[in-house]
Amino acid sequence: MSEAVDTAPLVLALVAVLVGGVALVVARELRSALPLTLELLMAAGLLRLAASDSWEAISTVAAVVLVRKLVLFGLRQTPAHLGDAARLPGAS
Amino acid sequence: MIRAAEFELLSEETLHSAVDALVVMVEAAGALIIFVGALVALLLFLVSLPRRDPEEFVSVRLTLGRFLALGLEFQLASDVLRTAVAPSFEELGKLAAVAAIRTALNFFLAREIAEEQRAVDDRRARTDAGAQEPRPS
Numbered sequence: 028m029s030e031a032v033d034t035a036p037l038v039l040a041l042v043a044v045l046v047g048g049v050a051l052v053v054a055r056e057l058r059s060a061l062p063l064t065l066e067l068l069m070a071a072g073l074l075r076l077a078a079s080d081s082w083e084a085i086s087t088v089a090a091v092v093l094v095r096k097l098v099l100f101g102l103r104q105t106p107a108h109l110g111d112a113a114r115l116p117g118a119s
Numbered sequence: 398m399i400r401a402a403e404f405e406l407l408s409e410e411t412l413h414s415a416v417d418a419l420v421v422m423v424e425a426a427g428a429l430i431i432f433v434g435a436l437v438a439l440l441l442f443l444v445s446l447p448r449r450d451p452e453e454f455v456s457v458r459l460t461l462g463r464f465l466a467l468g469l470e471f472q473l474a475s476d477v478l479r480t481a482v483a484p485s486f487e488e489l490g491k492l493a494a495v496a497a498i499r500t501a502l503n504f505f506l507a508r509e510i511a512e513e514q515r516a517v518d519d520r521r522a523r524t525d526a527g528a529q530e531p532r533p534s
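Line by line, the protein sequences are chains G and Y. Going by the working numbering, the first sequence opens with residue 28, and the numbers climb by one from there. Going by the working numbering, the second sequence opens with residue 398, and the numbers climb by one from there.
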C-alpha cells in the first residue's frame, strides 16, 4: 500500500509531462498547453507532500508553486500569436 | 508505576492516538480528492482531444484547480489537527512551512479560478454575440 502512495506522485508527474506534450501537438502553442502541465505537476507535488513530511517534499512543492506562478505570469504578458501584438492580454 | 485512583475521562495517550488517526484520515481524504481530480482532468483532456480546441484545456484546468482547492482545504484541516500533537520544534517548523505553502496556494488558486471562470464566461458571451452579427475578418 505504501508503494502505491509513493509511486502515485511519480506516475502523475509523468502523466503531466505526457499530457503537456500531447496538448502542445494539438494546440501548437505553449500558452494553451503549459498551464495544464504545470497544474498536473503541482497536483503530483501535493500528493507527494501528503505522503511524506520530508523537507525534500516541502521544498519541491514550494519550487513547483513558485515556478508555476512565474510561468503563468510570463505567459499572460506575451501575446498569444506574435502577429497579435495589438491584442495584449492586459487590454482585454 | 503506582497510579493514584483518579477519575480520568481521557488519557493523554488516548487523545494523542485518536488525533493521530484523525490526522491520517483527513490527510488521506485530501490526497484522495487531489488524485481523483487529476484522474478527472486526464479523462476530460482525453475527451477534449478529438475536438482540437485549445480553449477546452482552460476548462479542464479550471476543473482540476477546483479539485485541488478542495483537497488543499482537507490537508489544511489535517495540518491544524497536527498542531495539537506536534511533539518537537522541527515538526512544528515543518508544519509551519507546509501550512504556509498550502494556504498561499489556496489563495492563489481561488484567484486564478475566479479569473479563468470570468474569461471563460466572457469568451462564451462573445461567441454568442458574434454568432448573431458578422465578424470583421
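Beta carbons: idealized from backbone N, C-alpha and C, even for Gly.
Put simply, the CB of V482(Y) is far from chain G, with every gap to its CB atoms at 8 Å or more. Neighbours of F454(Y) in chain G, taken as residues whose beta carbon is under 8 Å from its own, are A50, A54, S59, A60, P62 and L63 in chain order. Where E509(Y) is concerned, the enclosing alpha helix (DSSP H) starts and stops at F486 to G527. Secondary structure within the segment 51-95 of chain G: the alpha helix (DSSP H) runs of 4 or more consecutive residues, fully enclosed, are 57-78 (chain order).
For L429(Y), the enclosing alpha helix (DSSP H) has its first and last residue at E409 to S445. With a threshold of 8 Å between beta carbons, V42(G) makes contact with chain Y.
Think of a sphere of 7 Å around the beta carbon of Q472(Y): the chain G residues whose beta carbon falls inside it are A77, in chain order.
Proximity of E66(G) to chain Y, defined by a Cβ-Cβ separation below 8 Å, is satisfied. In the structure shown, R458(Y) adopts helical secondary structure according to DSSP, grouped into three states. Contact check for V92(G) and L439(Y): beta-carbon distance about 21 Å, past the 8 Å limit, so the pair fails to qualify. The CB of D80(G) comes closer than 9 Å to the CB of E488, K491, L492 and V495 in chain Y, given here in chain order.
Of all residues in the segment 80-101 of chain G, only D80, W82, I85, V88, A89, V92, K96 and L99 place a beta-carbon less than 8 Å from a beta-carbon of chain Y. Taking the Cα positions, R520(Y) is about 21 Å away from P447(Y). By the criterion of at least three beta-carbon pairs nearer than 8 Å, the segment 31-40 of chain G is not in contact with the segment 52-59 of chain G. Chain G places a beta carbon closer than 8 Å to that of F505(Y), counting this residue as a contact.
In the displayed model, E30(G) falls within a helix according to three-state DSSP. Taking CB atoms only, A31(G) has no neighbour in chain Y less than 8 Å away. From the listed residues S59(G), A84(G) and L102(G), the smallest Cα separation to L459(Y) is found for S59(G). The beta carbons of L74(G) and I431(Y) sit about 6 Å from each other, so the pair counts as a contact at 8 Å. The beta-carbon of L73(G) is placed less than 8 Å from the nearest beta-carbon of chain Y.
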